[in-house]
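Here's the structure we're looking at; comments come further down.
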Amino acid sequence: MKLRTFFLLSGIIFCFTLQSYAELSIQITQGIDNPIPVAVVPFTNESGGPFSQDVAQIVTNDLEQVGEFIALSRSNMLSMPSEEQEVFYRDWRLLAQDYLLIGKINQQPGSQLVQVQYEFFDINREMKLAGEVLTGSVTQLRDIGHTISNVVFEQVTGIPGAFTSQILYIVSEGAGPATTLFRLEKADYDGARPQILLESAEPIMSPSWSPNGQDVAYVSFETDLPRIYIQNIATGQRRQITNYPNINSSPVWSPDGSKLAMVLSKDGSPDIYVQDLNSNELMRVTDHPAIDTEPSWTPDGRHLVFMSDRTGQPQIYQIELGANSYNVERLTYDCFQCAKARFLPDGVNLVHVRRETRQSPTYQISILNIETLRVITLTDTALDESPSLAPNGSMIMYATKFNGRGVLDAVSIDGRVKFRLPSSQGDVREPSWSPFLN
Amino acid sequence: MGNQRNQFFKVSLLVISLFALGACSSTSETEEESSPGSESGATSSNSGSASSNAGSSSGQLTQEEIRAQNALRQTVFYFDFDVAEFKPADRETLTYHARDLAANPSKRLRLEGHADERGTREYNLALGERRANGILNYFIVNGVARSQIEVVSYGEERPQQSGQGEQAYSRNRRVEVVTQ
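Chains as they are written, first to last, in the working numbering: chain H, 75 to 512; chain A, 397 to 576.
Here it is in structure tokens:
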């Protein structure tokens, strides 16, 4: 008993020294009123190390970032168990915790491999909910942390976690038109570990992640004209997909990955087309002298949603593929401008960018239920655009302006939770959230 | 004759004040202002010396040719919010551009359309093209061959002036005429 007290005391001192590592510059700008209390105990280093990544802190950041959870401060922990025998439920009940995550890390001498064992407990029901040993390279501790976050999130909410997902986005940096550099970058969902996929002196636009997570389609002006390219994310190998006159833009993958919807103005005005990626066959979808752009696929892959200003201002429309191209259904009526729409997986709720009236020049991320016609506006900043949905459907990442610079924000689909990504250099915009990656 | 001179006087005054205005409100136009030198009097604020400069340094040019030269020097055309048609005040200048192209069939131009940052990016890409096409069509009506013109839209991707607010936005809604 005395021994255990000593162990606990030393644990408390240990945690004080650890706390200075506890920053990753994510900014939670809005949380929910009653987040779920969870204790994430610092993982014990059984052998090897010290490690550059604090796995428990990565999990803590993940859970707090999505707003559903509040993590117990390490300095308030009464004990620091690293395996099941050391867990005393009463300690955690006293601290009003609902859940507990513990773990330990082993690294064989001279090896790059680490084994991370974690265990996850329900304090009120006094039972272990999950636990396993994850093996990876010491450089993958961050991925291992995100994997554990996925398990915790799913155990508590019943929804798969999206913490191992990644994002693509565009950065522009430079003083003026002549010196601006454009980059296509990839990062973890929380902005960590950014990686440059393409850099150009000419604009890059509209990155779109393929459904299998292996490729990105985007628009590059590298030939002085906007053309669509597909690039393999791992190898960097790329190919030009289009070279039609005038605008070639807005590539979006079909749900099965076999086709790209796109916008071409080769016949006068921008219209929606679908190109089959195997046969290269091009199918025209809309035919209207106004601007038709920003296509997106319905979850069943049988319709396209798009924006058109055929009535004077941007509104959202839907068309059935293979149907008569004039058989178009209008989906929005009650906004001055509604644009950049895509359905949630339920096929009923439509995420879009909304400007309510001509008098109020603000653009916000909203969701329209096309059955009840109820509209929920999720954001309250002025220049919000390019909404992209997390693979588990729980959050939307979008671009906005903060202190005059482009930044990426995320909001939960109920609007309750918001966070801002750590901003790198330059203007960041056009996020594309990956599918579930394996 | 006197009437015509009077009119020339007014036009050159207008052109000069346009250049002067540009010099005040824009930093990125400096390359255009520095390159023509002093031959047209664009750097002078005195209209009297401007016309005499123009007359003396290029003795054989008619007043109409001088007017045309001045017009061709304007290569950026600004647009009102949410409007794809060029401003009526630019019609005369664009007419000179069109005549110059029609008279020189080997000349090639690129019309680069731009939009301000409000509204979605892909819509703005289309709006920039619509603006450039407005000028393209005006050129064609005035005798320019389609093959002389390339149209490209940059949407909101290449602002002339960064920042939020009408000051920046009004500089970014534009079509630039680029000689190739």
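Ideal Cβ placement from N, Cα and C applies to all residues, glycine included.
All values derive from a computational prediction rather than experimental measurement.
- Annotation: H/Gly-205 to A/Glu-518 spans about 46 Å, alpha carbon to alpha carbon.
- Between the alpha carbons of H/Ile-365 and H/Pro-344 lies a distance of about 5 Å.
- Spanning the alpha carbons of H/Pro-509 and A/Ala-485 requires a straight line of approximately 51 Å.
- Remark: C-beta atoms of H/Ile-393 and H/Leu-418 do not approach each other more closely than 9 Å.
- Against H/Ile-441, chain A offers no close residue; the least beta-carbon distance is about 16 Å (beta-carbon pairs closer than 9 Å).
- Distance check between H/Leu-395 and each of H/Gln-101, H/Thr-209, H/Thr-372, H/Leu-272 places H/Thr-372 closest, using alpha-carbon atoms only.
- In the structure shown, the three-state DSSP call for H/Thr-309 is coil.
- Around the CB of A/Val-574, fewer than 16 other CB atoms lie within 10 Å, so the residue is classed as exposed.
- Judged by DSSP secondary structure, H/Asn-320 falls outside any alpha helix (DSSP H); it is assigned neither H nor E.
- Under the rule that a run must span 3 or more residues, the beta strand (DSSP E) segments found entirely inside the region 128–195 of chain H read 143–145, 173–181.
- Beta-bridge partners of H/Ser-274 (DSSP): H/Phe-256.
- Following the DSSP letters along the chain, one finds H/Ser-370 inside the beta strand (DSSP E) bounded by residues 366–371.
- Think of a sphere of 7 Å around the beta carbon of H/Glu-459: the chain A residues whose beta carbon falls inside it are Thr-516, Arg-517, in chain order.
- Here H/Ala-170 is not near H/Pro-109, since their CB atoms are 9 Å or more apart.
- Contact note: H/Asp-361 does not reach chain A at a C-beta cutoff of 7 Å; the least C-beta distance is about 15 Å.
- Burial is judged here by how many other beta carbons sit within 10 angstroms of a residue's own beta carbon; A/Arg-463 has at least 16 and is buried.
- Counting only Cβ-Cβ distances below 7 Å, H/Gln-411 has contacts in chain A at Gly-515, in chain order.
- Taking 8 Å as the cut-off between beta carbons, the residues of the region 311–323 of chain H near chain A are Asn-320, Ile-321, Ser-323, in sequence order.
- Counting along the chain, H/Phe-417 sits inside no alpha helix (DSSP H); it lies in the beta strand (DSSP E) bounded by residues 411–417.
- Annotation for H/Ala-484: the continuous beta strand (DSSP E) segment containing it runs 479–486.
- In the DSSP assignment, H/Gln-240 falls within the beta strand (DSSP E) that extends over 240–247.
- A residue is called buried once 16 or more other Cβ atoms fall within 10 Å of its Cβ, and H/Asp-501 is buried on that count.
- For the options H/Asp-330, H/Ser-339, H/Asn-224, the alpha carbon positioned closest to that of H/Asn-320 is the one of H/Ser-339.
- Residue environment analysis places H/Glu-459 among the buried positions, since at least 16 neighbouring C-beta atoms fall within 10 angstroms of its C-beta.
- At a cut-off of 9 Å, the C-beta of A/Leu-521 has a neighbouring C-beta in chain H.
- Under DSSP, the beta-bridge partners assigned to H/Asn-423 are H/Asn-443.
- By the neighbour-count criterion, in which a residue is buried when 16 or more other Cβ atoms sit within 10 angstroms of its Cβ, H/Thr-221 is buried.
- Within the same chain, Gly-331, Pro-509 come within 8 Å of H/Asn-286 by CB-CB distance, once the 5 residues on both sides are set aside.
- Counting C-beta pairs closer than 8 Å gives fewer than three between the region 509–526 of chain A and the region 483–501 of chain A, which falls short of the contact rule.
- The region 472–488 of chain H and the region 449–459 of chain H touch, with three or more beta-carbon pairs separated by less than 8 Å.
- When Cβ-Cβ separations below 9 Å define contact, H/Lys-414 makes contact with chain A.
- Annotated as proximal: H/Arg-429 and H/Cys-409, with beta-carbon spacing under 9 Å.
- Residue pairing by DSSP places H/Arg-428 opposite H/Cys-412, H/Gln-438 in a beta bridge.
- Per DSSP, the unbroken alpha helix (DSSP H) holding H/Asp-217 starts and ends at 215–231.
- For H/Ala-113, the uninterrupted beta strand (DSSP E) segment begins and ends at 110–114.
- In this model, A/Glu-460 and A/Tyr-534 are separated by some 21 Å (Cα to Cα).
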